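One structure is given below, encoded as C-alpha cells.
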Amino acid sequence: MSEIRYDGRVVIVTGAGNGLGKSHALQFAARGAQVVVNDLGGSAFGEGADTAAADIVVDEIKAAGGDAVANYDSVTDGESIVQAALDTYGRIDVVVNNAGILRDTSFHKMTDGDWQLVMDVHLMGAYKVSRAAWEHMREQQYGRIVFTASAAGIYGNFGQANYAAAKLAQYGLAQTLAVEGVKRNILVNTIAPIAGSRLTETVMPQEIVEQLKPEYVSPLVLKLCDEKHQETGCLYEVGAGWIGQLRWQRTLGVGFALDHPITPEAVVAAWDSISDFSHADNPANILASMEVIMGNLANQTKN
Numbered sequence: 000m001s002e003i004r005y006d007g008r009v010v011i012v013t014g015a016g017n018g019l020g021k022s023h024a025l026q027f028a029a030r031g032a033q034v035v036v037n038d039l040g041g042s043a044f045g046e047g048a049d050t051a052a053a054d055i056v057v058d059e060i061k062a063a064g065g066d067a068v069a070n071y072d073s074v075t076d077g078e079s080i081v082q083a084a085l086d087t088y089g090r091i092d093v094v095v096n097n098a099g100i101l102r103d104t105s106f107h108k109m110t111d112g113d114w115q116l117v118m119d120v121h122l123m124g125a126y127k128v129s130r131a132a133w134e135h136m137r138e139q140q141y142g143r144i145v146f147t148a149s150a151a152g153i154y155g156n157f158g159q160a161n162y163a164a165a166k167l168a169q170y171g172l173a174q175t176l177a178v179e180g181v182k183r184n185i186l187v188n189t190i191a192p193i194a195g196s197r198l199t200e201t202v203m204p205q206e207i208v209e210q211l212k213p214e215y216v217s218p219l220v221l222k223l224c225d226e227k228h229q230e231t232g233c234l235y236e237v238g239a240g241w242i243g244q245l246r247w248q249r250t251l252g253v254g255f256a257l258d259h260p261i262t263p264e265a266v267v268a269a270w271d272s273i274s275d276f277s278h279a280d281n282p283a284n285i286l287a288s289m290e291v292i293m294g295n296l297a298n299q300t301k302n
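Take numbering that gives the first Met the number 0: the final residue in the sequence shown is number 302, and no numbers are missing along the way.
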C-alpha cells in the first residue's frame, strides 16, 4: 500500500488554531502539503480575535520542517483566505471547512443573534471559502473539499438548534457540490466528528474530552482528500478510533390509488406500512428517490 502524500498540494484548513483543525493542519504538513492555517483567534463563542492561535500552529509546522502560512481572516471573508493561498503558493487543491463556534441555549431562549452568528460561521463561512476556491478547482480540474457536520445535525441535540441546523445544512451543501464537481474531479465529502475541543469541553466531562483526541479524526480527512480517493458525496461519523459511513434510509412506503381522494383515514390505515423499516431501501441520489414516487403516478395512468 502506497503512502498518502501531499507534496505539491496546497491545503486550506479553517479554524486550524486549535483542536481538530490544528490536528488536520499538522498531519497534512507532515505529509508534504503546503498549508494555509486559518484562524480568526476568537473564543469558542465567537467573541474577539487573536493572531496567536494560527501563528503557534504555523511555527510548529515549520519547526518540524513543513511549510505553512498563517491567515487570520474570518471564514465569512472566504475570498481573502483563498487569496492568501494563491498569493503564497499559487494554487489551491484542498479545503477543509472546520471552523466553528457554539451559542448553545434552549430554543425558547435563543436570540436572533445566537442563531445568526452560528449560521454565519458554520454555514456562510463554509460556503464563502468553498465558493472562492471552486473556480480555481474547476479550472485545474482537481479539488478535494471536506465539510464538518455533527451528530447534533444528524440526530438533534437539546440546546443546539442553531448549531444542528447549520451542521446539517453543510451536509446538504456538500451533497450538491459533490454532484456538480465530480465531472471536474472535485470530490466533496462530509464528516461528523466527535473529538475533544473547545466546543466539546462545554458539553462533556473533562476526562472524556481528554480521551477523544483530534488525532483520531484527521486520518479520515487525509484519506478523503487524497488524490487517489474516488468516493464523493459521502457522510462519515468518526471519533475515538472508530469510523463509519452513514446513508439515508427509507421505508418501502405505500402507493395510494389516485382515482379517488386520499383521506387522512386512509393514511392512518396504512401507517404501519408507511413507517415499517424492516424492509427499507437506500436511495443513492435524487433520481433514485423519485423513481418509486413517480412510479406510483405512472401506475395510475396504466390502470
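From the three backbone atoms N, C-alpha and C, an ideal C-beta is built for every residue, glycine too. If you're wondering where the values come from, they're calculated on a predicted model, not measured in any experiment.
Given that a residue counts as buried once 16 or more other Cβ atoms are within 10 Å of its Cβ, and exposed if not, what is residue 4? Translated into positions along the sequence shown, residue 4 becomes position 5. Exposed, by the Cβ-count rule.
Which residues bound the beta strand (DSSP E) around residue 71? Walking along the sequence shown from the start, residue 71 turns up at place 72. Run containing residue 71: none; DSSP gives neither H nor E here.
Quick check: the Cα distance between residue 113 and residue 49, rounded to an integer number of angstroms? Here residue 113 refers to the residue found at position 114 of the sequence shown. Here residue 49 refers to the residue found at position 50 of the sequence shown. C-alpha separation (whole angstroms): 22 Å.
Reference residue 226, options 36, 166, 186, 82, closest by Cα: In the sequence shown, the residue the question calls residue 226 occupies position 227. Residue 226 has its Cα closest to that of 186, out of 36, 166, 186, 82.
Determine the contact status of residue 122 and residue 169, defining contact as a CB-CB distance below 8 Å. In the sequence shown, residue 122 corresponds to position 123, counting from 1. In the sequence shown, residue 169 corresponds to position 170, counting from 1. Yes, they are a contact pair.
Beta-carbon separation (whole angstroms), residue 81 vs residue 12, contact threshold 8 Å: Residue mapping note: residue 81 aligns to position 82 of the sequence shown, counting from 1. Residue mapping note: residue 12 aligns to position 13 of the sequence shown, counting from 1. Not confirmed; about 13 Å, so no contact.
So, using beta-carbon positions, are residue 117 and residue 74 closer together than 8 Å? Position 118 of the sequence shown holds residue 117. Position 75 of the sequence shown holds residue 74. No; because the gap between Cβ atoms is not below 8 Å, this pair is not in contact.
Cα-Cα separation between residue 216 and residue 149, rounded to whole angstroms: Position 217 of the sequence shown holds residue 216. Position 150 of the sequence shown holds residue 149. The alpha-carbon atoms of residue 216 and residue 149 are separated by roughly 13 Å.
How far does the alpha helix (DSSP H) with residue 153 in it extend, from its first residue to its last? For this step, residue 153 is matched to residue 154 along the sequence shown. Here the alpha helix (DSSP H) through residue 153 covers 150-154.
Measure the C-alpha to C-alpha separation of residue 131 and residue 77 and round it to an integer number of angstroms. The residue labelled residue 131 in the question sits at position 132 within the sequence shown. The residue labelled residue 77 in the question sits at position 78 within the sequence shown. Cα to Cα, residue 131 sits roughly 6 Å from residue 77.
Taking Cβ to Cβ, would you say residue 188 is nearer than 8 Å to residue 231? Sequence index remark: in the sequence shown, residue 188 carries index 189 (1-based). Sequence index remark: in the sequence shown, residue 231 carries index 232 (1-based). Yes, these two residues count as a Cβ contact at 8 Å.
Can you find the residues in the same chain that come closer than 6 Å, C-beta to C-beta, to residue 21, ignoring five residues on each side of it along the sequence? Taking the first residue of the sequence shown as position 1, residue 21 is located at position 22. Cβ within range, chain order: 15, 56.
From residue 224 to residue 249, what does the alpha carbon distance come to, in whole angstroms? As a working mapping, residue 224 is identified with position 225 in the sequence shown. As a working mapping, residue 249 is identified with position 250 in the sequence shown. Residue 224 and residue 249: Cα-Cα distance of roughly 30 Å.
My assumption, with CB atoms under 8 Å, is that residue 94 sits in contact with residue 144. Please give the rounded CB distance. One-based indexing of the sequence shown puts residue 94 at position 95. One-based indexing of the sequence shown puts residue 144 at position 145. Correct: roughly 5 Å between the Cβ atoms.
Spatial neighbours of residue 90 within its chain, please: C-beta separation below 6 Å, excluding the five flanking residues on both sides. Reading the sequence shown from its first residue, position 91 is the one you call residue 90. 9, listed in sequence order.
On the premise that residue 26 lies in contact with residue 221, defined as a C-beta separation below 8 Å, what is that separation, rounded to the nearest angstrom? Position 222 of the sequence shown, counting from 1, holds the residue named residue 221. Position 27 of the sequence shown, counting from 1, holds the residue named residue 26. Between residue 26 and residue 221 the Cβ distance is about 6 Å, and since that is below 8 Å, they are a contact.
Using three-state DSSP, classify residue 12 as helix, strand or coil. Within the sequence shown, the letter at position 13 stands for residue 12. It is a strand residue.
Cα-Cα separation between residue 6 and residue 30, rounded to whole angstroms: Along the sequence shown, one-based indexing puts residue 6 at 7. Along the sequence shown, one-based indexing puts residue 30 at 31. About 7 Å.
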